[in-house]
Amino acid sequence: MLGAAATVMAEPSVAGWIERVRLGEEGIILSAKLDTGADTSSLHASDVRWFTRNEAHWVAFEVMGEDGRKAHFERKVVRIAEIKRRGGGKAFERPTVLMGICLGRVYRVTEINLADRARFKQPFLVGRNFLAGHYAVDSARTNTIEPDCTELKVR
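Residue numbering for the sequence shown follows numbering that gives the first Met the number 0, starting at 0 and increasing by one per position.
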């Protein structure tokens, strides 16, 4: 007989490989690619400007939602991501910030590196750092859930 109760893990929800997400309290809606091959999430940001606040590195940047509305963000840089180039070559660096993301009914604050994703169809790439334990990705499906985090509680 076991002395402690067994922990029951909830099964992850299933999402398509393309879904809509909402960025934090600003409410910007974006099309996102759910990529289980990416460690970290990545966001298309424009007008990225570095500055110092309270002796820490920060970035200010703009994000355009799918409705054409632009939002201005300022976030503390939590680390610098070193990105490897395909086929070798010198790696490059991206600022990484913490942002709240809503996918379906899951809201999580996660690390996101800021990138120029203008050449990609989806401006946001959701990596394993957000998906793990919460979503399984069905590559045959798209746009199966809507961002519905009425209460921004971290899960």
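Where a beta carbon is used, it is the ideal one built from N, C-alpha and C, also for glycine.
Asked, Found
"8 angstroms CB neighbourhood of Ala3 in its chain, flanking five on each side removed", "Here Ala3 scores only 48 on pLDDT, less than 50, and its place in the model is too uncertain to base an answer on."
"Own chain partners of Ala37 with C-beta closer than 7 angstroms, once the 5 adjacent residues on each side are dropped", "Leu124, Gly126 and Arg127"
"Supposed close pair Trp57, Lys32 - CB separation, criterion 8 angstroms", "Rounded, the Cβ-Cβ distance is 27 angstroms, inconsistent with contact."
"Start-to-end residues for the beta strand (DSSP E) that takes in Asn128", "Element bounds for Asn128: not the beta strand (DSSP E) but the alpha helix (DSSP H), Arg127 to Leu130."
"CB-CB length for Pro122 against His43, believed under 8 angstroms", "4 angstroms"
"Whole-Å CB distance - Leu97 paired with Glu110, under 8 angstroms assumed", "6 angstroms"
"Start-end ranges of the beta strand (DSSP E) lying completely within the stretch 51-116, minimum 3 residues", "55-63, 69-82, 91-102 and 105-114"
"Closest residue to Glu65 among Thr35, Ala90, Val76 and Ile27 (Cα-Cα distance)", "Ile27"
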